[in-house]
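First up is the structure itself, then whatever we jot down about it.
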Amino acid sequence: MTEPDRVHRYGLDALLVDVPSAAHARHMAERVRARPGVLDAVPSATSLLITCADATAIPKLARWASDAAGNLPDLPDLAPATGALIEIPVSYDGADLGSVAAATGLTPREVIERHTAATYTAAFAGFAPGFVYLDGLDPTLRLPRRTDPRTRVPTGSVAIAHDYTAVYPRESPGGWHLIGSTEVAMFDAARSRPATIEPGQRVRFVEAAR
Amino acid sequence: MTSPRPEAAAHLRVEATGPLALPVDLGRPGWARAGVAPSGPFDLAAHRAANAALGNQPTDATLEILLGGLRLRVHRAVVLCLTGAPAPIRVDGLPLAHHRPFAAGAGSVVEIARPTIGLRSYLAVAGGFDLPAVLGSRCYDTLAHLGPPPLQAGQPIAVGHHHGTFATPEAPAPLRDLAAPLAVLPPPRPLPIETLRALTGSAWRISPDSDRVAVRLAGPPIPQPPGQVPSEGVILGAIQLPPSGQPLIFGPDHPLTGGYPVIGVLPRDGVDRLAQIPPGQVVAFAPEATTRSH
Chain A
1 MTEPDRVHRY
11 GLDALLVDVP
21 SAAHARHMAE
31 RVRARPGVLD
41 AVPSATSLLI
51 TCADATAIPK
61 LARWASDAAG
71 NLPDLPDLAP
81 ATGALIEIPV
91 SYDGADLGSV
101 AAATGLTPRE
111 VIERHTAATY
121 TAAFAGFAPG
131 FVYLDGLDPT
141 LRLPRRTDPR
151 TRVPTGSVAI
161 AHDYTAVYPR
171 ESPGGWHLIG
181 STEVAMFDAA
191 RSRPATIEPG
201 QRVRFVEAAR
Chain B
1001 MTSPRPEAAA
1011 HLRVEATGPL
1021 ALPVDLGRPG
1031 WARAGVAPSG
1041 PFDLAAHRAA
1051 NAALGNQPTD
1061 ATLEILLGGL
1071 RLRVHRAVVL
1081 CLTGAPAPIR
1091 VDGLPLAHHR
1101 PFAAGAGSVV
1111 EIARPTIGLR
1121 SYLAVAGGFD
1131 LPAVLGSRCY
1141 DTLAHLGPPP
1151 LQAGQPIAVG
1161 HHHGTFATPE
1171 APAPLRDLAA
1181 PLAVLPPPRP
1191 LPIETLRALT
1201 GSAWRISPDS
1211 DRVAVRLAGP
1221 PIPQPPGQVP
1231 SEGVILGAIQ
1241 LPPSGQPLIF
1251 GPDHPLTGGY
1261 PVIGVLPRDG
1271 VDRLAQIPPG
1281 QVVAFAPEAT
1291 TRSH
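Quick note, the sequences are listed as chains A and B, same order. Residue numbering for the first sequence is 1 to 210, as defined by the working numbering. Residue numbering for the second sequence is 1001 to 1294, as defined by the working numbering.
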């Protein structure tokens, strides 16, 4: 294959394309999903995975991806979030709220204020159905993952780690800092759009009335 | 979500299951936006062969039976076919051939015992198992807990209408070469040659904590290649290197994304073979000599 370095063959039936940002990955994902032979596209912070039913579509797709990745719009020109702003009511009762406050030099109240002040962009999905990495966390709240991941994080936990905040859609193991909880169901397979938040949408967290 | 038929119409009832018997079909690709990975049969060729022998569609659901132990009571006559790991089949005690369509009449008992070689057998029924689809698929994803759940004793199962003709199956893919080296494709991103050679230069034991999410390998630890790998999309067959240095190979229920270096990729036919290799067995990997298909 002759594609330049940013397009990588991944097994027989997939391509991995290096992109500068999650917004670029989403931009390309929306366009590639409609192309012949494409099964799905999985954006991440730095790349786009394109999966195909078989290898026949790969050479043509590799050329398309190479062109597309070489002619990406500048970030400000990318369409920002589409559709309605999604508001998630949160009770800030997370088990790690105190330790997050201590680690960031803030009071718990300040952690809540900073978490609710931001408008987040759903960057990409992963980890579990309905789990979406939300970009736009206040820089003062950025912490590495917990050194001792929990084996059991409750459904609806609102959490932060690294540059992201997210909601755990169901009980699962997890290493993020739990600062609150929501009763909004993040995933329901019976809905036509099963995930409450999809990549590209905007999200705000609103403190629930106590 | 479609509804299964009422219980009164059930052709079959599960009387007993072994370690794990779950519905599989071609999975649910196309739901990455919702954070859902595709899932699917571990041994795709065996799933396809079972449906083909009965004139079913490739999309029809089969049962992936881990290490046998399945007993079904037949309420309405069915035609079945078992492929994959050759598990002894008995209908009312009568032994029947693997990889051939067979009939089971009303009132009979179908028993699938522990296979003599391999791990996973695939049972198809003419017309397909009529189970409730979730996001377009009758496949159970053991990581995401999506789809019709693993079979349980007492469960009735309906069967769809059969419109196909029975076929003379091709000879089953031999399971006898389970010990032959697995061909491995290069990783998507360039890696130091030492990392690549570490995988193909050692023998690896299949770890007992392997499942449909990942098959874990035990052997001499491979040092992490330099550089950070951000979390990004992964595929079936990707060989990931966690900090322990013990590689794991993603199976059909792999997560959508992974955050460790990928040091090689098993092609689909290699994953089909991997599906049948029991824990404790030693495997080796050989670099794929030529690129295929283009």
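Glycine residues also receive a C-beta, built at the ideal position from the N, C-alpha and C atoms. Please read all numbers here as calculations on a predicted model, not as lab measurements.
The bridge partners DSSP lists for A1214(B) are F1250(B).
With three or more CB-CB distances shorter than 8 Å, the stretch 104-116 of chain A counts as touching the stretch 131-151 of chain A. Distance from the Cα of F1250(B) is smallest, within the candidate group A1045(B), R1216(B) and I1112(B), for R1216(B). Contacts with chain A at 7 Å (Cβ-Cβ) include S1231(B). Beyond the five residues adjoining it in sequence on each side, A1106(B) comes within less than 8 Å, by CB distance, of V1074, H1075, R1076 and A1077 in the same chain, given in chain order. Under DSSP, Y10(A) shares a beta bridge with A14(A). E183(A) sits in coil when the DSSP states are folded into three classes, being neither helix nor strand.
The Cβ neighbour count for L85(A), taken over all protein chains shown within 10 Å, is under 16; the residue is labelled exposed. Distances from the alpha-carbon of L16(A) to those of A1103(B), A1238(B) and P1029(B) put A1238(B) closest. Under the three-pair Cβ rule at 8 Å, the stretch 1179-1199 of chain B does not count as touching the stretch 93-107 of chain A. By the Cβ test, the stretch 1129-1137 of chain B is not in contact with the stretch 1097-1104 of chain B, since fewer than three Cβ pairs between them sit closer than 8 Å.
The beta carbon of H1162(B) sits closer than 6 Å to those of A1126 and G1127, all from its chain and outside the five residues before and after it, given in chain order. Note that the C-beta distance between P149(A) and G175(A) is below 7 Å. Burial check for Q1240(B): the Cβ neighbour count within 10 Å reaches 16 or more, so the residue is buried. As for any beta strand (DSSP E) of minimum length 3 sitting wholly inside the stretch 1177-1239 of chain B, the runs are 1182-1184, 1204-1206 and 1214-1218, ordered along the chain. Distance between L1191(B) and L1012(B), taken at the CA atoms: about 52 Å. For E198(A), the neighbours in chain B by C-beta distance under 8 Å run, in chain order, R1033 and A1034. For A161(A), the enclosing beta strand (DSSP E) covers residues S157 to A161. Across the stretch 31-57 of chain A, CB contacts with chain B closer than 7 Å involve L39, D40, A41, V42, S44, A45, T46, S47, L49, T51 and A55, in sequence order along the chain.
In this structure the stretch 1038-1054 of chain B touches the stretch 1268-1285 of chain B; the number of beta carbon pairs closer than 8 Å is three or more. Within chain B, the C-beta atoms nearer than 8 Å to that of H8(A) come from P1188 and R1189, in chain order. Across the structure, L1080(B) and P73(A) are spaced so that their CA atoms are roughly 55 Å apart. Per DSSP, the continuous beta strand (DSSP E) segment holding E1064(B) begins and ends at T1062 to L1066.
Put simply, the backbone Cα of R1120(B) is about 46 Å away from that of E87(A). Pairing V1234(B) with G1258(B) gives a Cβ-Cβ distance under 7 Å. For secondary structure counted as the beta strand (DSSP E) over 3 or more consecutive residues, the stretch 1079-1113 of chain B holds these complete runs in sequence order: 1089-1091, 1094-1096, 1102-1104 and 1109-1112. Boundaries of the beta strand (DSSP E) around R152(A): R150 to V153.
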